[in-house]
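Below is one structure, written out as C-alpha cells, with a few remarks after it.
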Ligand code: USQ
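Numbering (my numbering), first residue to last: 1 to 394.
Structure (C-alpha cells):
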C-alpha cells in the first residue's frame with residue numbers, strides 16, 4: 001500500500017512513518033516543519049535535537065533498507081496538496097507499472113496541535129484556525145477531484161467532546177425527539193480554540209463524506225505519552241520530537257521531565273481533570289488497525305482512541321511514586337489553573353471500538369513510566385526550567 005503521512009515530522013507523524021515502512025508499505029511523508037518553526041519562534045526548546053526529515057529518512061534507509069519519501073511543503077497551500085494526487089509529485093519507487101502512485105491511504109496529522117499555542121494571542125489563534133481548517137479542506141477537495149477511493153485516517157481529539165455530564169459515545173448519538181429518532185454526531189463543546197478547530201475538521205469531513213462519498217476514519221485521541229517504539233530500537237536519532245515545555249509538551253511527558261530536573265509537578269487547579277491517555281505505541285497500533293480495516297465509501301467512522309483514564313492528581317501521584325523508586329524527591333505544586341476547564345467532573349467515555357478491531361493496549365504501569373524516566377534522564381542537561389511554566393491564560 002502507498003501511505004501518505006501528512007505532518008510526517010511531528011511527534012506522531014515520524015513514528016508512524018517508520019511503523020508503516022517497517023511493515024513493507026510505501027511511505028511518503030509531507031511536512032513544512034511548522035512545529036519546529038513554532039518551537040524556535042517561541043524558544044521553548046526540545047529534550048534533544050531531532051535531525052531533519054531528510055536525514056531521518058536516510059538513517060532509516062541505512063538501518064532497514066526501506067525508503068521513506070520526503071516532501072517538504074505547506075499543505076495549507078492547495079497546490080501543494082493537489083500535487084500529491086494529480087501526478088505532479090513523482091513517486092519514483094513505483095517500479096510496478098500497474099502502480100499509479102496515488103496513495104491508497106492518507107494519515108492526516110498535519111495540524112497545529114497545541115491548546116495553549118492556540119490561545120497565546122490573536123496571531124497564534126489565526127495560525128491555528130487557518131492551518132488546521134485549510135489543510136483539512138484542501139485534502140477533502142484533492143480527494144474529491146482526484147482520488148475518492150483513498151481512505152483518510154484523521155487524528156481528532158477526545159477534547160472535541162469536552163467533559164459532558166453524560167456518557168461519551170464513539171462519535172455518534174442516537175437521539176429521540178418528539179417521538180422520532182435520528183443518529184447525529186455526538187455533541188461537541190471544546191475548551192480550547194485548538195480543540196474547536198478539530199470539531200470544525202469533523203464537520204468538514206462529514207460534509208465531504210455526505211457529498212462525495214469519501215471514506216474517512218476520525219480517531220478521537222487523548223493525550224499521548226512515550227518516546228520509544230519498536231522501530232526506534234534504542235537509536236535516539238530516530239526518536240520523535242519531544243517537548244516538555246508548557247506550550248507543546250503534554251502532561252505525562254512534562255511531569256516526568258519535571259521530576260527528573262527537580263521542578264515541582266505543575267498540577268493545574270484542583271487536579272481533578274480526567275482525560276483518556278495512551279502510549280505512543282498504541283497510537284501506532286490504532287492508526288495501523290484503522291488502515292488495515294478501512295472505512296467504507298460514504299462512511300465517517302469514529303473511534304475514541306484512549307486506553308485508560310487518569311485525573312491530573314493520579315498522574316502526579318504516580319510520577320511521585322515512580323520517581324521515589326528511582327531516587328528522586330518529587331514534589332507537587334497546585335498552581336492556579338491558567339485554563340478554563342472543569343476541575344471536578346463526570347467522565348465516562350466509551351472506547352471499545354479499536355479493541356474490537358484488534359488493538360491490544362499498553363497500559364501506563366509504574367514500569368512503563370520508569371522506562372520513560374530512564375530515557376529522559378539521559379538528556380537531563382538539556383532540560384530548561386524556564387520553559388516549564390509561563391502561564392498562557394485562556
Ligand atoms: N495539565 C496540568 N498540568 C500541566 C499540563 C496539563 O494540570 O502541566 C492538565 C491540563 O489542564 C488538562 C490536562 O492536564 O486538564 C491535559 O493537558 P495536556 O496539555 O496534556 O493536553 P491537552 O491540552 O488536552 O492537549 C493534548 C494534545 C492535543 C490532543 C489532546 C487530547 O496537545 O493535541 O488533542 O491532548 S485531549 O486532551 O483528549 O483533548
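Even glycine gets a Cβ: it sits at the ideal position worked out from N, Cα and C.
Fair warning: this is a prediction, and the values are worked out from it, not measured in the lab.
Burial state of residue i (16 or more Cβ within 10 Å)
i: residue 254; result: buried
i: residue 54; result: exposed
i: residue 344; result: exposed
i: residue 348; result: exposed
i: residue 40; result: exposed
i: residue 37; result: exposed
i: residue 427; result: The question about residue 427 has no answer here: the residues shown for the chain are numbered 1 through 394.
i: residue 167; result: exposed
Element boundaries [alpha helix (DSSP H), containing residue i]
i: residue 211; result: 193–212
i: residue 182; result: Segment 180–185 is the beta strand (DSSP E) holding residue 182; no alpha helix (DSSP H) there.
i: residue 251; result: 251–261
i: residue 399; result: Because the chain spans 1 through 394 in this model, residue 399 falls outside it and cannot be assessed.
i: residue 89; result: Counting along the chain, residue 89 falls outside any alpha helix (DSSP H), and DSSP gives it neither H nor E.
i: residue 63; result: 53–64
i: residue 19; result: 13–22
i: residue 71; result: Segment 68–72 is the beta strand (DSSP E) holding residue 71; no alpha helix (DSSP H) there.
Bounding residues of the beta strand (DSSP E) (the contiguous stretch that carries residue i)
i: residue 176; result: 172–177
i: residue 41; result: Here residue 41 belongs to no beta strand (DSSP E); instead the alpha helix (DSSP H) covers 34–42.
i: residue 298; result: Note, residue 298: premise wrong, no beta strand (DSSP E); not H, not E.
i: residue 156; result: 151–157
i: residue 105; result: 105–108
Residue i in three-state terms, based on DSSP
i: residue 309; result: strand
i: residue 220; result: strand
i: residue 29; result: strand
i: residue 379; result: coil
i: residue 371; result: helix
i: residue 45; result: coil
i: residue 392; result: coil
i: residue 270; result: coil
i: residue 398; result: Given that the chain is displayed from residue 1 to residue 394, the structure contains no residue 398 and the question cannot be resolved.
i: residue 82; result: helix
For residue i, the nearest candidate out of the options (CA to CA)
i: residue 198; options: 211, 222 and 215; result: 222
i: residue 192; options: 129, 139, 219 and 176; result: 129
i: residue 378; options: 364, 256 and 194; result: 256
i: residue 149; options: 104, 82 and 393; result: 104
i: residue 90; options: 111, 109, 28 and 115; result: 28
i: residue 330; options: 240, 119 and 321; result: 321
i: residue 137; options: 115, 79, 285 and 177; result: 79
i: residue 242; options: 22, 15, 14 and 46; result: 46
i: residue 74; options: 114, 16 and 7; result: 7
i: residue 298; options: 5, 52, 203 and 212; result: 212
i: residue 351; options: 172, 259 and 203; result: 172
i: residue 355; options: 14, 207 and 306; result: 306
Residue i Cβ short of 7 angstroms to the ligand ZN heavy atom set
i: residue 223; result: This structure does not include the ligand ZN; its bound ligands are the ligand USQ.
- Query: Can you list, in chain order, the stretches of the beta strand (DSSP E) that have 3 or more residues and sit fully within the stretch 306–354?
  - Reply: 308–311 and 332–335
- Counting only runs of 4+ residues fully inside the stretch 113–142, write out the alpha helix (DSSP H) ranges in chain order. 115–118
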